[in-house]
Structure formats: C-alpha cells, structure tokens
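The structure appears right after this line, and notes come after that.
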Amino acid sequence: MWAWGCVERVAAGLLGGPLAGGGRWNTAVAVGVTAAAGLVVVAVVVSSRRGGLKSPWWRRRRKAPLTSQEWRGLFTPEGKLQVGGVKLVKKVRSGGIEPSIRALVWPFLLGVYSLDSSEAERDAVKAQNRKGYLLLRKHCLRKSAYRMEDSKQSTNKTAGVNPEGGNSSEKGEESGCVSPVESEEVPKTPSVEEAISTEEGNPCLSTEQELQDDTSETKPEKMDDSQSSSSSSNEEESERSDVTHVETSHKDLASVCESSLEDEQESIPRYSRTGGNIDDIELSKAARPVKSTRAIEDFETWQRIIRLDAVRANDEWVSYSPSQTSVSREKAIESAKAVCLKDYEHLEPYRIYHASRLVAILEAYAIYDREIGYCQGMSDLLAPLLAVLEEDDEAFWCFAGFMRKARHNFRLDEVGIRRQLNMVARIIKYKDFHLYRHLEMLQAEDCFFVYRMVVVMFRRELTFEQTLCLWEVMWADQAANRAGIAKSSWRRMRLGAPPTDDLLLYAIAASVLQKRKLIIESYSSMDEIIRECNSMAGQLDIWKLLDDAHDLVVTLHDRIE
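Numbering-wise, the sequence shown is residues 1 to 561 according to full-length UniProt numbering.
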C-alpha cells in the first residue's frame, strides 16, 4: 500500500492535478504508471521469498510448538497419522514440540514407529522392542558374570585356594552367579555378582514369559528353580508395568546364568545396515551382527568408560523430569547396585539414578552395535533422551534410532567425521568464498574447529532446551526423507523447503558464517577460531540459527548434496 500511494502521488504530479487537461497523453501516462506500480509490488513480493521457497521458520515469533490437542487431532480413527505424517513433520519443523508430549512424538521422528503405522502395529513393535531390550540387558549382565567368575578363579589360583572349596553354594559355583539370598545377606557393600543378581531380579526378567525358554535350555535339571522364580516375578509384574531397572526385587538369577552365551548370541537384536527403520531389525536367529574389528575384551573397556562418563554427567535435565528428580535415595542406590555402579556416594539421588540409567542403556547399545560399541560423547547424546523418556526400553530404541545417523561420528577410522567436516567446508566455500580463502590462509579450510559441534551435535554449544529444539527439527527432516515425503513435489511444496538429512551441518556452517566478520578481521590462527567456537555456549539464538541454516539449504542444497 505504501508503494501504491507513492505511485499515485507521482502520477498526480505528472498529470498536473485534477484540473489539468491532457486527454490521451494523460491517459497513457496513467496506464504506464499503473503498470510500473504493479512491477514494484511484484518485485517486493519476490524479493521477500528467499530462493523462491518460504522458510518453515519465517516470522518465528508467530509460530507455536505442536500441542497435545493438535497431536491428538493428527490421528485417524484407526490410529494412523493423517496424510502419511506430512502434517506432523511440517508442524515440528516450524515450531518444535510441546514438552508434555515429547515422549509420545519422538518415537515417530526417530523411526521407532513408522509414520504410516496403525495403533495395532505400534503395539506389536513396542512388545517386540521390549523383548529385544531385555535380551540385550541379560546379555550384558551375563558377560559381566562370566568375567567376574573368571577373575575370581584367577585370584583363587594365584592365592592357592581350591575354587570348589569356597563358601559359595554349589549352584553358584556352577553358574558363575550368586543366589539372591546371598546377595541380601550383605547389605552395604555387595559384590559385583550380587549387584548383577539385583538387576536381573527386576521386572524385566518376568515381563515376557517366553524369555524363560531362551535362558534355560542348556540345564534342564534346574527348571524347577527357574519356574519358581518366574512365578514369583509374574505376581509382582501384575502390580507394575513400567520397564525400569530401578524397580528391582531380589529374585532368583538361575534362569539367566544357566543359558549358554552362544545360544543368546543368535537371538539378541543387532544393528543392521539394511533398512532405515527400527522396524526392520530382526530379533530372530536370522539376525547377524555387523562384523567388527574390535576385540572381545573391548566390552570390559567400554563398561569402565561408560561408568566414568555416567558419574560425571551434569544435571541440566533436572527441570525437565520432575518424576526422576524426586527419586528416593534408597531407589537410587538400588539402581546403582543393579548395574554395578561405583564411586557415586558424593552424588544426589537423582544423579545416581540418572547415571544408572545411562550405564544400562549404553551397555546394551555396545552389545547391539558392536562395530561402534561405546565412545566418549555418546552419553551426551543419550542424556537428553533419558530426561524425556522414562521407560528404559523405549529410551534405548529411540537412542538406537538417533544413532543410525550419529553412529558415524564415533567410527574409529573417522570416515564419517571427515565427510561431515568436508561438507561444512563446502557450504562455507560456496556461500562466502572470501571467508573460505581466509580459512585457507590460516590452514583451517578443513573446518576442524567445528569438530566438537559435529560429534555431539551442538550439545555443548546450546542450552538444554535449545538442543531439544534443534534435534527435533533435525529429526523431522530425517523422518520426512525416511518416509519418502520429500520425493513428492506436492508434499515438498507443503513442507515449504526440501528436507535434508544434514540439517545439522548447515546449522554449523551458519554459526560460523554469523562470525565471519570477527574471524576475518580479528583471528590469525585456527586456535583462536576454536576458542571462539567453544565459547558459543549460551550465546546462540536457535531459531535464527535454523532460519540461516534453511537459507543455506534452499540456496545450496542441489550443489552440496
């Protein structure tokens, strides 16, 4: 309207006002001015549409996160997401998710549930995933039990003690485990075997009756004890349904320790390169682990590092999980004993509880994906998930879905890291060649200064809430690609911009470009740039960062990917 008013005033001046004559000449001028005004308006509109596509984060202040009411309205009577999940993806990309429903939405974004799945299909997947997680935890505990038994025998031989003449029961000697009665007799400082027995006594042992068949085949003479333990477990299971390792009770571990390690190797779930969804994971004997160059002994190393990282974890998540924050000290200590956690006496109960959950899930993942196992930094990615997801089995599979993309950050050969750093460098080069030439002069064109951002996905540069917002938008993009939504031109237009699996890298490049003037004018070494990147914590505007990242996607997507 402002442009149109200016044109009218110019036209009035040219025509000499309402009293001036002019006939056809004045008419021609009026028509010409009107056409020019139209071109001005079109130019203004086009210039406001960067790259011809509207950013999903434009006018951010007017956008709102997905609410619980909107979430319920996205489903059909059959329990399927409308339009194949397009509405969900679009809403999450534009505003994120309301904290109260994150635990419901995340499994869809992370591939635990397919975007076109029905409620019945999701129930089946949930039951299957629960069984798979329990098998992984049992396998972790069994490996620890065998290792402890080997260590005990080695110690006895060194000391000249007959291993069969000890105080442990005959059953304990055969299975390498300690009975729960023995565990309860030592109230303060239980042994590792007793701690393992404590965790195996949790509801995880009894929730799936069919697991008893997998864990008691090799020694049928002890089935009576196993069945007795199972019956006791089933009574307690009827009173509680949550699968958390904290809700432990001291039950018989015989059915767990009696099975052979080789048999369970054939049935536990493993990471598979084929397929993009967790639904594709086979829990049958047909599943085979990815070949790994790591030694078997690495699991013991992983366990030690996991425990160190778990105890050191910060408490940024506290305000996001009141139920976990209010856990009693008794339950916290019980959960710590269940996973053989040590050196936690200085921690508050909620931090002990949190550290115990980190240990349980990270150990299970080390078994699930033996090619990666565990590397420092993975606990940084898991911690935010645990703050939102209170059930360990669901948290594990969401983490496994997250790691389908993130696992490349933790490869020993660093192929994935080098690819991502190279992509960040190309984005900067194509967007701002002057800045890229300056980085070349500083021998920093490999963008190694954003290494930490890539590995832990901005976890240490953003606040806890900002991290969740960025990850949710990133997961929504990946979910759109995984479901094939972006392949339809109509759906692509509805999303507003092309989804990309590498939105994180565009955001990292955007954070560097925001500092371009400072880098070019003030920094003369890569070390200075590294310090600048490490000092970004708490200083970034997450939605402006996403807006800038989107501009880069719109401008460079076809050249970069």
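Quick reminder that beta carbons are idealized off the backbone N, C-alpha and C, glycines included. Here the structure is a predicted model, which means the values were calculated and not measured.
- By the CB criterion at 9 Å, aspartate 315 and histidine 354 fall inside the cutoff.
- Looking at the DSSP output, isoleucine 101 shares a beta bridge with no other residue.
- For the options Glu363, Ser328, Leu362, the alpha carbon positioned closest to that of proline 349 is the one of Ser328.
- Here leucine 115 is near alanine 483, since their CB atoms are less than 9 Å apart.
- If you draw a straight line from the Cα of arginine 270 to the Cα of arginine 437, it comes to about 45 Å.
- Here valine 554 is buried, its C-beta having at least 16 other C-beta atoms within 10 Å.
- Between valine 112 and valine 92, the gap from beta carbon to beta carbon reaches 9 Å or more.
- Secondary structure note for tyrosine 523: it is in no alpha helix (DSSP H), with a DSSP letter that is neither H nor E.
- Sequence-distant partners of alanine 103 (beyond 5 residues in either direction) whose C-beta falls short of 6 Å from its own C-beta, in its chain, are Val388, Leu389.
- Of the residues assessed, phenylalanine 433 falls on the exposed side of the cut-off, its CB having fewer than 16 other CB atoms within 10 angstroms.
- Residue state for phenylalanine 75 is assigned as strand, using DSSP reduced to three classes.
- Note on aspartate 558: under 16 other CB atoms within 10 angstroms of its CB, so exposed under the neighbour-count rule.
- In the DSSP annotation of this structure, the continuous segment of the alpha helix (DSSP H) that includes aspartate 547 starts and ends at 542-560.
- DSSP places serine 328 outside any alpha helix (DSSP H), giving it a letter other than H or E.
- For serine 356, the enclosing alpha helix (DSSP H) begins and ends at 349-368.
- Remark: C-beta atoms of proline 99 and tyrosine 320 approach each other more closely than 9 Å.
- When the beta-carbon positions are compared, glutamine 466 and leucine 109 stay at least 9 Å from each other.
- The three-state secondary structure of leucine 412, taken from DSSP, is coil.
- Excluding residues up to 5 positions away in sequence, Tyr436 lie with their Cβ nearer than 7 Å to the Cβ of lysine 429 in the same chain.
- A contact between stretches requires three or more CB pairs, one per stretch, nearer than 8 Å, and the segment 513-533 meets this requirement with the segment 449-465.
- By the Cβ test, the segment 403-411 is not in contact with the segment 298-310, since fewer than three Cβ pairs between them sit closer than 8 Å.
- In the displayed model, leucine 341 falls within coil according to three-state DSSP, outside both helix and strand.
- For valine 89, the closest C-alpha among the options Trp71, Glu472, Lys131, Ala476 is that of Ala476.
- Here proline 107 is buried, its C-beta having at least 16 other C-beta atoms within 10 Å.
- A distance below 6 Å between beta-carbons, with the five flanking residues on each side excluded, links methionine 423 to the following residues of its chain, in chain order: Leu505.
- By the criterion of a C-beta distance shorter than 6 Å, aspartate 369 is surrounded in its chain by Tyr271, once the five residues flanking it on both sides are discounted.
- Its chain contains Glu78, Gly79, Lys80 as the residues whose beta carbon lies nearer than 7 Å to that of serine 118, once the 5 sequence neighbours on both sides are disregarded; these appear in chain order.
- For leucine 385, the uninterrupted alpha helix (DSSP H) segment begins and ends at 378-388.
- For the 9 Å CB-CB criterion, arginine 357 and leucine 386 form a contact.
- Following the DSSP letters along the chain, one finds phenylalanine 433 inside the alpha helix (DSSP H) bounded by residues 433-441.
- Of the residues Ile352, Arg418, Val473, the one whose Cα lies closest to the Cα of phenylalanine 402 is Val473.
- Burial of leucine 134 is indicated by the presence of at least 16 other C-beta atoms within 10 angstroms of its C-beta.
- For tyrosine 451, the uninterrupted alpha helix (DSSP H) run begins and ends at 451-455, by DSSP.
- The beta carbon of isoleucine 268 sits closer than 6 Å to the beta carbons of Leu135, Leu136, His139 from its chain, once the five residues preceding and following it are set aside; these are given in chain order.
- With respect to the 9 Å criterion, glycine 96 and proline 65 are classified as neighbours on the basis of their beta carbons.
- Residue burial annotation: glutamine 539 is exposed, with fewer than 16 other C-beta atoms found within 10 angstroms of its C-beta.
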